[in-house]
Amino acid sequence: MYSFIIKTINALIRGLGAVLTFIFKVLPDSPFQKHVLENEVIMPYLKMINYFVPVAEILITFQALLIAIGVYYIYQVVARWVKIIS
Numbered sequence: 001m002y003s004f005i006i007k008t009i010n011a012l013i014r015g016l017g018a019v020l021t022f023i024f025k026v027l028p029d030s031p032f033q034k035h036v037l038e039n040e041v042i043m044p045y046l047k048m049i050n051y052f053v054p055v056a057e058i059l060i061t062f063q064a065l066l067i068a069i070g071v072y073y074i075y076q077v078v079a080r081w082v083k084i085i086s
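In terms of full-length UniProt numbering, the sequence shown opens at residue 1 and continues consecutively.
Spelled out as structure tokens, the structure:
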């Protein structure tokens, strides 16, 4: 009786793992990893600083945040221009 339950639970876990693997393969890679500061002057020092504080990831996330805010403001100006919002 217990072996049937254990086999059923293991089959469910394998199925869930297969579904999650498929979902993660369909999703694109992280856009933040593409914009690593490669050819900058600070790069040799950034490796030492990143040992304590993940500066590169913070800068990349901040850059994405600024882009999102910029897109929002541009959309807001265009929407007001077309009188979608007041």
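We treat Cβ as the ideally placed atom computed from N, Cα and C, and that holds for glycine. Computed from a predicted model, the values in this text were never measured in an experiment.
- Which class does M43 belong to by DSSP, given the choice of helix, strand or coil? As a working note, residue 43 is residue 43 in the sequence shown. Correct three-state label for M43: helix.
- Item | I69 - DSSP class collapsed to helix/strand/coil | Locating residue 69 in the sequence shown gives position 69, where the first residue counts as 1. Here I69 sits in helix by DSSP.
- Query: How is F52 classed by DSSP in three states: helix, strand or coil?
  - Reply: Looking up residue 52 in the sequence shown gives position 52. Coil, per DSSP.
- Item | Under the three-state DSSP convention, the category V26 falls into | The residue you call residue 26 lines up with position 26 of the sequence shown. Here V26 sits in helix by DSSP.
- Item | Where V19 sits in the DSSP three-state scheme | Position 19 of the sequence shown holds residue 19. Collapsing the DSSP output to three states places V19 in a helix.
- Item | Through-space distance from I74 to Y65, alpha-carbon basis | In the sequence shown, the residue the question calls residue 65 occupies position 65. In the sequence shown, the residue the question calls residue 74 occupies position 74. Tyr is not the amino acid found at residue 65; the sequence shown has Leu there. Answer to the nearest angstrom: the Cα atoms are 14 Å apart.
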